[in-house]
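Student:
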Amino acid sequence: MAWDFSTEPEFQAHLDWMREFVREEIWPMETLDLDLEQIERAMAPLQERVKERGLWAAHLDPELGGQGYGQVKLGLMHEVLGSSPYAPFAFGNQAPDSGNSEILALAGTPEQKERWLEPLLAGDLHSAFSMTEPENAGSDPTTLTTRAVRDGDDWVIDGHKWFSSNGSIADFLIVMAVSDPEARPHQRASMFIVPADTPGVNILRDVATMEHPQEEFGKYGGHAEIVYEDVGIPAANRLGAEGGGFLIAQRRLYPGRIHHCMRWLGVARRAFDMLCERATYRVSHGKELGRHQTIQNWIADSAAEMQAARLMTLHAAWKMDTEGVAGARKEISLIKFYGARVLGDVVDRALQAHGSLGYSTDLPLEAMYRYARAARFYDGPDEVHRQSVARQILRGYEPPPGNVPTEHVPTRQAAARVKFAELLETVTSND
Ligand SMILES: Cc1cc2nc3c(=O)[nH]c(=O)nc-3n(C[C@H](O)[C@H](O)[C@H](O)COP(=O)(O)OP(=O)(O)OC[C@H]3O[C@@H](n4cnc5c(N)ncnc54)[C@H](O)[C@@H]3O)c2cc1C
Numbered sequence: 336m337a338w339d340f341s342t343e344p345e346f347q348a349h350l351d352w353m354r355e356f357v358r359e360e361i362w363p364m365e366t367l368d369l370d371l372e373q374i375e376r377a378m379a380p381l382q383e384r385v386k387e388r389g390l391w392a393a394h395l396d397p398e399l400g401g402q403g404y405g406q407v408k409l410g411l412m413h414e415v416l417g418s419s420p421y422a423p424f425a426f427g428n429q430a431p432d433s434g435n436s437e438i439l440a441l442a443g444t445p446e447q448k449e450r451w452l453e454p455l456l457a458g459d460l461h462s463a464f465s466m467t468e469p470e471n472a473g474s475d476p477t478t479l480t481t482r483a484v485r486d487g488d489d490w491v492i493d494g495h496k497w498f499s500s501n502g503s504i505a506d507f508l509i510v511m512a513v514s515d516p517e518a519r520p521h522q523r524a525s526m527f528i529v530p531a532d533t534p535g536v537n538i539l540r541d542v543a544t545m546e547h548p549q550e551e552f553g554k555y556g557g558h559a560e561i562v563y564e565d566v567g568i569p570a571a572n573r574l575g576a577e578g579g580g581f582l583i584a585q586r587r588l589y590p591g592r593i594h595h596c597m598r599w600l601g602v603a604r605r606a607f608d609m610l611c612e613r614a615t616y617r618v619s620h621g622k623e624l625g626r627h628q629t630i631q632n633w634i635a636d637s638a639a640e641m642q643a644a645r646l647m648t649l650h651a652a653w654k655m656d657t658e659g660v661a662g663a664r665k666e667i668s669l670i671k672f673y674g675a676r677v678l679g680d681v682v683d684r685a686l687q688a689h690g691s692l693g694y695s696t697d698l699p700l701e702a703m704y705r706y707a708r709a710a711r712f713y714d715g716p717d718e719v720h721r722q723s724v725a726r727q728i729l730r731g732y733e734p735p736p737g738n739v740p741t742e743h744v745p746t747r748q749a750a751a752r753v754k755f756a757e758l759l760e761t762v763t764s765n766d
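Quick note: the sequence shown uses my numbering, first residue 336, plus one each step.
What follows is the structure, encoded as structure tokens:
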């Protein structure tokens, strides 16, 4: 009976160490407004400690300098790291570099790995993933219009992208572009490595967002709008097969969603702790908030929903580890929209319980609230994941004979009368 919720003691020791390390060394940093150079300086000694502990770049295989952890272990790790936006940086698995390093590991040639992956892993380069376009639905990437045209030994890229996270500080961008418009929809696009200093890469701005309302160019975590204008790159910069862009994207995004969901649980847990703490001391209408039934309901509902989301996410991770992407597709879509909702609801309750203090920037809850909102559409909006789940579930169903519902009581009763005729006969004759 292989059904085990325990964590190996050695790995639990790592998780305990991480939790303490993140809380003591990284949470205090959040209160300072650091620029990239300051973040990197503050991180350097912490990254050394993570490397000494053998926890650096845990998402990659050992031959690439990582730990080769499966998705369950990575998930547990991300739950701890998710509690602070800076923590993944200290562990060499911050987005989007971690996902991009996975792409390079999956699809890169030995030369591409040496040129881009190794320095990315060492923290010497920054990267961005440039797929979404303002003019087309990111939810349906078969509508992409950025073009890559072969020109002798080069590819020439033209197009308009936005929300390329870290695009304005990136040394290179992985760009998804249509390389064959005549191919079948999911074979039209390819991925290309574009050095950020290539002529024609015009980084217009970092789009101000709900999370970062003040436009600040060149900051870690910004979302760049970019026009690619006659950008010539060597043919050797194509990643993977021509037309293989969707396949690579899928292999990157599926595990990435598990990591997102576990990071969200790290944030939700922090908000939940604030909710519970508030419940112990804030007095209203003659008693602490925690003695009012509504607040008790919020605490109980939040605990139940976080537990459900956590088990669902670890189950999806286990499916990935045991059956790969194809086997875990439905479970990953389930957690993507459910996990995002749980995050939003828990943060909202914690904020509400703090009243104006929760709404103020004196607590991190308002920032968490703004962060949580985006979770409902990046890496696929709720609606698309629900649609995907429902479609997969419906494949297991078909119309009943004569469109009479399988559970239709009169029909079942008639069938049961035939099946149990002898029994009914006996009962009748005993009367
Ligand atoms: C914080 C953040 C970081 C991001 N980072 C990156 C990045 O690094 N690189 C990158 O390329 N992109 C990035 N994105 C973009 C993100 O991937 C897209 O926003 C996302 O794919 C949705 O695309 P869209 O914004 O074009 O929305 P649209 O596709 O226009 O969708 C808008 C809405 O339409 C509805 N909808 C769409 N399809 C359906 C459907 N089938 N059924 C019902 N309703 C539907 C949904 O409500 C959806 O929210 C980021 C976005 C955010 C917010």
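Using N, Cα and C, we set each Cβ at its ideal position, and we do this for glycine too. In this text, all values refer to a predicted model and were calculated from it rather than measured experimentally.
Can you tell me whether Ser500 sits near ligand 1, meaning its C-beta is under 8 angstroms from at least one heavy atom of the ligand?
Tutor: Checking the Cβ of Ser500 against ligand 1 gives yes.
Student: Rounded C-beta distance between Trp391 and Gly434? I'm assuming under 8 angstroms.
Tutor: With a Cβ gap of about 17 angstroms, Trp391 and Gly434 do not count as contacting.
Student: Helix, strand or coil: how does DSSP classify Phe712 here?
Tutor: coil
Student: Only counting the same chain, and skipping five residues up and downstream in sequence, which positions put a Cβ closer than 8 angstroms to that of Ala570?
Tutor: Cβ within range, chain order: Arg485, Asp488, Asp489 and Trp490.
Student: With C-beta atoms as the reference, is Ala531 less than 9 angstroms away from Leu508?
Tutor: yes
Student: By how many angstroms is the C-alpha of Asp370 removed from the C-alpha of Gln549?
Tutor: 15 angstroms
Student: Straight-line CA distance for Pro476 to Arg613?
Tutor: 44 angstroms
Student: Return yes when at least one heavy atom of ligand 1 lies under 8 angstroms from the C-beta of Asn428, else no.
Tutor: no
Student: Please determine whether the Cβ atom of Pro431 lies at a distance below 8 angstroms from any heavy atom of ligand 1.
Tutor: Within the cutoff, so yes.
Student: What residues in its chain sit with their C-beta under 6 angstroms from that of Arg573, if we drop five residues either side in the sequence?
Tutor: Ser525 and Phe527
Student: Nearest CA to the CA of Gly535: which residue from Gly557, Ile561, Ala543 and Glu449?
Tutor: Ile561
Student: Which two residues bound the contiguous alpha helix (DSSP H) that contains Lys654?
Tutor: Gln628 to Ala688
Student: I'd like to know whether the C-beta atoms of Phe346 and Arg384 end up nearer to each other than 9 angstroms.
Tutor: The answer is no: Cβ separation not under 9 angstroms.
Student: Taking 6 angstroms as the limit between beta carbons, can you name the residues of its chain near Met466, skipping five residues before and five after?
Tutor: Excluding positions up to five away in sequence, the list reads Met511.
Student: Shorter than 8 angstroms, the distance from the beta carbon of Asn471 to the closest heavy atom of ligand 1, or not?
Tutor: yes
Student: What are the complete alpha helix (DSSP H) segments, minimum 4 residues, inside the stretch 399-433?
Tutor: Those alpha helix (DSSP H) runs which fall completely within the stretch 399-433 and span 4+ residues are 406-416 and 422-425.
Student: With a threshold of 9 angstroms between beta-carbons, can Ala749 be considered close to chain E, or not?
Tutor: In the structure shown, chain E cannot be found, because there is only a single protein chain.
Student: Indicate, with yes or no, if ligand 1 has a heavy atom lying under 8 angstroms from the CB of Ala377.
Tutor: no
Student: Quick one: using the 10 Å Cβ neighbour count with 16 as the cut-off for buried, is Glu414 buried or exposed?
Tutor: With 16 or more other Cβ atoms within 10 Å, it is buried.
Student: Who pairs with Ala463 in a beta bridge, going by DSSP?
Tutor: Leu508
Student: In the structure shown, what three-state DSSP assignment does Arg592 receive?
Tutor: Arg592 falls in the helix class under three-state DSSP.
Student: Give the range of the alpha helix (DSSP H) segment to which Trp362 is assigned.
Tutor: No alpha helix (DSSP H) contains Trp362, which DSSP labels as neither H nor E.
Student: Buried or exposed for Met364, going by 16 or more other Cβ atoms inside 10 Å?
Tutor: buried
Student: How about Ser474: is its Cβ closer than 8 angstroms to a heavy atom in ligand 1?
Tutor: A distance criterion of 8 angstroms places the beta-carbon of Ser474 in contact range of ligand 1, judged by its closest non-hydrogen atom.
Student: Report the rounded CA-to-CA distance for Arg358 versus Ser499, giving the unit in angstroms.
Tutor: If you draw a straight line from the Cα of Arg358 to the Cα of Ser499, it comes to about 30 angstroms.
Student: Using only the heavy atoms of ligand 1, determine whether one of them is closer than 8 angstroms to the beta carbon of Phe581.
Tutor: No, since every heavy atom of ligand 1 falls outside the 8 angstroms radius drawn around the Cβ of Phe581.
Student: Within this structure, are the beta carbons of Lys408 and Ala430 separated by less than 9 angstroms?
Tutor: Inclusion of Lys408 and Ala430 in the CB contact set at 9 angstroms is not warranted, their separation being larger than that value.
Student: Could you tell me whether the stretch 671-688 touches the stretch 598-611, where touching means 3 or more Cβ pairs closer than 8 angstroms?
Tutor: The stretch 671-688 vs the stretch 598-611: in contact.
Student: Leaving out the 5 sequence neighbours to the left and right, which residues in its chain are closer than 7 angstroms to Met472 when beta-carbon positions are compared?
Tutor: Contrary to the premise, residue 472 reads as Ala rather than Met in this sequence. Sequence-distant Cβ neighbours of Ala472 in its own chain, meaning closer than 7 angstroms and more than five residues away, are Thr478.
Student: Tell me which residues share the same chain as His720 and place their Cβ nearer than 7 angstroms to its Cβ, disregarding the 5 neighbours each side in the sequence.
Tutor: Ser668, Lys671 and Phe672
Student: Run the CB neighbour count on Arg519, radius 10 Å, all protein chains shown included, and call it buried at 16 or more, exposed below.
Tutor: exposed
Student: If you measure between the beta carbons of Trp599 and Ala442, is that distance less than 9 angstroms?
Tutor: no
Student: Near Val566, what residues of its chain come up, given a Cβ to Cβ distance below 7 angstroms and the 5 sequence neighbours on each side ignored?
Tutor: Val491, Ile492, Val529, Thr533, Gly535 and Val536
Student: In its own chain, which residues sit with a C-beta less than 7 angstroms from the C-beta of Asp714, not counting the 5 before and 5 after it?
Tutor: Leu588, Gly591, Arg592, His595 and Lys671
Student: Determine whether the beta carbon atoms of Met647 and Glu666 lie at a separation below 9 angstroms.
Tutor: yes
Student: Restricting to Cα atoms, I'd like to know which of Leu700, Gly556 and Gly662 is closest to Asp368.
Tutor: Gly556
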